[in-house]
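Residue numbers (this note's numbering): 96 to 222.
Cβ atoms here follow ideal geometry from the backbone N, Cα and C, with glycine treated the same way.
Take a look at the structure below.
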């Protein structure tokens with residue numbers, strides 16, 4: 096799916112099938128579809144991964160959620176998107192973050208990223 100310019104959307108970047116599974120679960124729980132795009136690093140080299148990410152982000156504003164705070168996925172995101180003022184990056188993506196995000200698409204990218212990250216952090220507990 097290609098993002099629509101000027102519409103905030105999320106890109107979930109992860110190892111294996113993680114991104115697709117998180118997007119599917121967030122859409123199922125929220126009932127909202129089309130605002131999250133999964134990107135996997137499976138079967139691609141660094142250049143291919145960077146291209147997948149750039150294509151998913153597109154020209155419009157985006158929040159990129161990455162599975163880990165290090166590694167190939169984050170490096171690819173930062174190499175290609177670091178200079179974009181309309182793109183924010185959040186690491187350690189979880190389901191709570193994505194559900195929060197899809198309900199706050201009217202916010203600017205930085206505010207949506209902060210809001211989602213806060214919700215994701217609150218979801219981590221030792222019950």
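Exercise. Who are the near neighbours of residue 152 in its chain, counting only those whose CB is closer than 8 Å to its CB and skipping five residues on each side?
Worked result: 98, 106, 159, 176, 179, 182
Problem set entry | Of the residues 109, 132, 123, 211, the one placed nearest residue 195, counting alpha carbons only | 211
For this session: Using a threshold of 8 Å, state whether the C-beta atoms of residue 185 and residue 218 are closer than that.
Result: no
Exercise. What distance in whole Å lies between the Cβ atoms of residue 142 and residue 109, which are believed to be in contact at a cut-off of 8 Å?
Worked result: In fact, because the Cβ distance is near 18 Å, the residues do not count as touching under 8 Å.
For this session: Check whether the Cβ atoms of residue 131 and residue 122 lie closer than 8 Å to each other.
Result: yes
For this session: Report yes if the C-beta distance between residue 144 and residue 171 is below 8 Å; otherwise report no.
Result: yes
For this session: Report, in whole angstroms, the separation of the C-beta atoms of residue 199 and residue 155, which I expect to be a contact under 8 Å.
Result: Not quite, the Cβ-Cβ distance comes to about 16 Å (not below 8 Å), so this is no contact.
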